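Only one structure is covered here, and it is reproduced in the block below.
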C-alpha cells in the first residue's frame with residue numbers, strides 16, 4: 002500500500018465508489034465478489050472496456066451506472082476525492098469546498114483488471130487523475146515499471162496496491178501465526194504449487210502479452226511468496242536466491 006488516503010468516506014457514512022477497468026473474466030469475478038459487501042460501504046459506479054458494447058453489457062449485468070468505451074474516460078470521471086493535496090474532514094474540504102459538491106457521479110478507486118502489458122500506462126493515468134488504484138497481479142512487466150508506478154503513487158499521494166488477494170486468506174494468516182509462534186519449528190524449505198489447464202487462452206503463449214513464463218510458475222511464485230514477506234529471515238539457504246524478501250511497507254515494494 003502506498004500513498005495516503007486523504008478522505009475517509011466511512012467516517013461520513015458514504016460508500017467507496019469503484020471504477021472498473023476491463024470487462025473481462027477477472028473483472029467479472031472481482032465485481033461478483035464485491036456484490037456480497039454492503040452497498041453502504043462499496044459501490045461500483047463505472048466500467049470501461051476497449052469496446053463500448055462490452056462495457057455496456059458489463060454495466061447491465063451488474064447494474065453499473067456509467068459505461069465507457071475507453072479507459073481514459075474513467076480517469077476523467079469527475080471529481081475524485083483522493084490525491085493532489087486536497088485534504089478532507091467529515092463535511093468539508095480544507096479549501097472550503099463542501100464534500101457533497103465533490104461526491105456526485107465519480108469513482109474514488111479504480112480496479113485494473115487488464116492484462117499486465119496495460120498496467121503501467123493505465124495505472125499511471127488513473128493515479129495522475131487523483132484516483133486510488135487497486136491493480137491486478139503481476140503488477141508490471143519488470144522491476145523498472147513497478148518502481149515507476151510506486152513513484153507515481155507517492156508523487157500523487159494516492160492509495161496504490163497490488164491485488165494479491167491470497168495474502169488475506171485465513172489459512173495464510175494462520176500459517177503466519179504458527180510460524181511466528183514457532184509451532185512448526187525452523188523452516189528451511191517451502192514448496193508450493195498451483196496450476197490451471199488453460200490451453201485455450203492464446204495470449205498465454207505470447208511473451209509480448211505478458212506471459213514471460215508458464216502460468217503455473219507465476220501461480221507458484223505468487224502463492225509461495227505472499228505470506229513469507231515477514232518470515233523470510235527464517236528461510237536458510239533460499240532467501241538470497243528469491244526476490245521479494247523485504248517486507249512491503251508504505252515506502253517500498255519488494
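In the numbering used here, the protein residues as written are 2 to 255.
We put the beta carbon where it would ideally sit given N, CA and C, even for glycine.
For clarity, every value in this text was computed on a predicted model and none was experimentally measured.
Check	Outcome
Rounded separation between residue 171 and residue 78 - CA only	36 Å
Alpha carbon of residue 144 to alpha carbon of residue 52, nearest angstrom	30 Å
Inter-residue spacing [alpha-carbon to alpha-carbon] between residue 22 and residue 183	42 Å
Residue 28 versus residue 190 - alpha carbon distance	35 Å
The stretch 43 to 63 contacting the stretch 146 to 159, beta-carbon criterion three pairs below 8 Å	no
Secondary structure of residue 151, DSSP reduced to three states	helix
Run of the alpha helix (DSSP H) containing residue 59, from where it starts to where it stops	53 to 63
Cβ pair count under 8 Å reaching 3, the stretch 157 to 164 against the stretch 120 to 129	yes
Reference residue 19, options 188, 135, 196, 152, closest by Cα	135
Beta-carbon gap between residue 67 and residue 47 smaller than 9 Å	yes
Residues of its chain near residue 38, where Cβ-Cβ distance is below 6 Å and the 5 sequence neighbours each way are ignored	none
Three-state secondary structure assigned by DSSP to residue 4	With a pLDDT of only 48 at residue 4, under the threshold of 50, the placement of this residue in the model should not be trusted; the figure read from the coordinates follows. Three-state DSSP puts residue 4 in coil, outside helix and strand.
Alpha-carbon to alpha-carbon, residue 179 and residue 49	42 Å
Assigned secondary structure, residue 167 (DSSP; H/G/I helix, E/B strand, else coil)	helix
Contact check, residue 115 vs residue 142, beta carbons under 9 Å	no
CA-to-CA distance, residue 133 to residue 16, given in whole angstroms	14 Å
Three-state class that DSSP yields for residue 160 in the structure shown	coil
Chain-order list of residues whose beta-carbon lies under 8 Å from that of residue 35 (same chain, five-residue window excluded)	19, 43, 45
Neighbour-count burial assignment, residue 41, 16 or more Cβ in a 10 Å radius	exposed
Cβ-Cβ distance between residue 175 and residue 137 below 9 Å	no
For residue 140, three-class secondary structure by DSSP	coil
Separation of residue 152 from residue 63, as counted between CA atoms	34 Å
Start and end residues, beta strand (DSSP E) containing residue 47	43 to 49
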